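The structure appears below as structure tokens.
Protein chains in written order, with my numbering: chain A, 258 to 371; chain B, 102 to 214.
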């Protein structure tokens with residue numbers, strides 16, 4: 258099925274460990290982004306990309322890295338996990354200018370850092 | 102600083118009631134306002150609003166945008182238990198030349214039978 262695929266769905270990390278959350282879309286969307294969702298705070302933008310080879314920081318980028326080597330993939334790397342990074346992470350994509358076509362969200366990754 | 106504020110944060114009603122959810126925003130370079138419904142997983146798209154005063158409707162749900170007063174409302178009539186969810190409002194804008202989606206905190210709606 259076409260859409261945005263996130264893996265894994267659940268992950269438990271120890272403080273200090275690193276890991277990569279995967280996001281892939283097969284809709285040829287130019288724009289991809291990562292959000293974290295914490296209780297009572299809505300979704301906050303971590304990083305985004307307007308196309309392959311181009312990334313930029315969002316509202317809460319510290320502790321996360323991204324790269325966009327292909328149009329399809331936009332992985333999010335946690336360099337040294339901290340308990341404050343316990344959250345649900347969503348990847349979203351849109352075709353060109355999202356305000357015309359809307360955004361498609363992945364099903365999320367629930368991350369717990371102990 | 103761009104921001105989106107939703108109210109109320111939480112709402113509990115009985116099945117059959119009508120509810121109105123509010124979303125106000127302050128953003129530069131507004132392009133559109135979007136409503137999403139979130140149950141257990143990913144937000145699912147409801148409406149995209151770009152023009153003032155034009156109501157969008159889908160079944161028992163409707164929404165309208167006021168670009169002068171900078172707010173939108175989402176109405177749900179004859180509510181059902183399946184409408185229980187978190188409703189998210191987001192504004193798509195250009196911030197420092199880049200496309201960004203700014204979300205409100207969400208309204209948690211609970212429909213009791």
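Think of the CB as a built atom: it goes at the ideal place given N, C-alpha and C, for glycine as much as any other residue. Note that the structure is predicted; figures quoted are calculated from it, not measured.
Non-local beta-carbon contacts of residue 111/B in its own chain, meaning distances under 6 Å to residues more than five positions away in sequence, involve 209 in chain order. The beta carbon of residue 277/A sits closer than 6 Å to those of 332 and 334, all from its chain and outside the five residues before and after it, given in chain order.
Taking 8 Å as the cut-off, the Cβ atoms of residue 359/A and residue 149/B count as close. The beta carbon of residue 204/B falls within 8 Å of a beta carbon belonging to chain A, placing the residue at that interface. In this structure, the CA atom of residue 143/B is about 6 Å from the CA atom of residue 365/A. CA-to-CA, the gap between residue 370/A and residue 275/A works out to about 11 Å.
Annotation for residue 140/B: no beta strand (DSSP E) segment contains it, and DSSP assigns it neither H nor E.
Sequence-distant Cβ neighbours of residue 152/B in its own chain, meaning closer than 8 Å and more than five residues away, are 166 and 168.
With a cutoff of 8 Å on beta-carbon distance, residue 179/B and residue 137/B are scored as not near each other. With respect to the 8 Å criterion, residue 199/B and residue 139/B are not classified as neighbours on the basis of their beta carbons. The beta-carbon separation of residue 129/B and residue 103/B, rounded to 7 Å, stays under the 8 Å limit for a contact.
Measuring C-alpha to C-alpha distances from residue 343/A to each of 309/A, 315/A, 307/A and 267/A identifies 267/A as the nearest. Residues of the segment 128-149 of chain B that bring their beta carbon within less than 7 Å of a beta carbon in chain A comprise 132, 133, 135, 142, 143, 144, 146 and 149, in sequence order. Around the CB of residue 189/B, 16 or more other CB atoms lie within 10 Å, so the residue is classed as buried. For residue 206/B and residue 106/B, the gap between their C-alpha atoms comes out near 7 Å. About 4 Å separates the CB atoms of residue 300/A and residue 292/A; that is less than 8 Å, so the two are in contact. Per the coordinates, the alpha-carbon of residue 135/B lies some 37 Å from the alpha-carbon of residue 273/A.
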